[in-house]
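Right, one structure below, let's go through it.
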Amino acid sequence: MSSMRKLNCRICLEEDNESNLISPCECRGSLQFVHTRCLQHWFDVMHTRRCQICKTQYELEDYGMKPYTEWTLPQPLSDDWEDQLEFKCALFWLVFMSRITYIVLKSEQLLLLFHLSFLNK
Numbered sequence: 429m430s431s432m433r434k435l436n437c438r439i440c441l442e443e444d445n446e447s448n449l450i451s452p453c454e455c456r457g458s459l460q461f462v463h464t465r466c467l468q469h470w471f472d473v474m475h476t477r478r479c480q481i482c483k484t485q486y487e488l489e490d491y492g493m494k495p496y497t498e499w500t501l502p503q504p505l506s507d508d509w510e511d512q513l514e515f516k517c518a519l520f521w522l523v524f525m526s527r528i529t530y531i532v533l534k535s536e537q538l539l540l541l542f543h544l545s546f547l548n549k
């Protein structure tokens, strides 16, 4: 069993596995590692895309919406039966509520048409 190296995020100072941290700039040693979420929060607060220590301009990847051809269907969180049941109930609820909304909107249209035709007589 291989042990994961524990390192600290230089922003939040929390210890984490090396696989959960990134090195976005030229800083080395204990200052090179950050969580992606911490770096994003730092961007939002500081309004700069440059490292304050090494002055490297951060290369940002576009995390916008994927093209619809790359979309995937939602999946249950695990193969556990509770997660499977919860996922199926959520899908059923979504379809059921969509259908109810459609019926209500359609009946409102029909009711409006009925009233308009009654007023025209």
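Going by my numbering, the sequence shown opens with residue 429, and the numbers climb by one from there.
Yeah, the Cβ is synthetic: ideal placement off N, Cα and C, and Gly gets one too.
Just so it is clear, the structure is predicted and the values come from calculations on it, not from any experiment.
Residue environment for W499: exposed (fewer than 16 other C-beta atoms within 10 angstroms of its C-beta). Inter-residue distance for Q537 and H475 is about 49 angstroms (C-alpha atoms, whole angstroms). For L467, the enclosing alpha helix (DSSP H) begins and ends at T464 to M474. According to the DSSP assignment, N436 belongs to the beta strand (DSSP E) that extends over K434 to N436. Boundaries of the beta strand (DSSP E) harbouring E443: E443 to N445, taken from the DSSP string. Only buried fits F461, as 16 or more other CB atoms lie within 10 angstroms of its CB.
Remark: C-beta atoms of I450 and H463 approach each other more closely than 9 angstroms. Pairing S526 with C517, the inter-Cα distance amounts to about 14 angstroms. DSSP, reduced to helix, strand and coil, places R527 within a helical segment of the structure shown. In the structure shown, the three-state DSSP call for Q460 is coil. Q485 carries a strand assignment under DSSP once its states are collapsed to helix, strand and coil. With contacts defined by Cβ atoms closer than 9 angstroms, R433 and S458 do not form a contacting pair.
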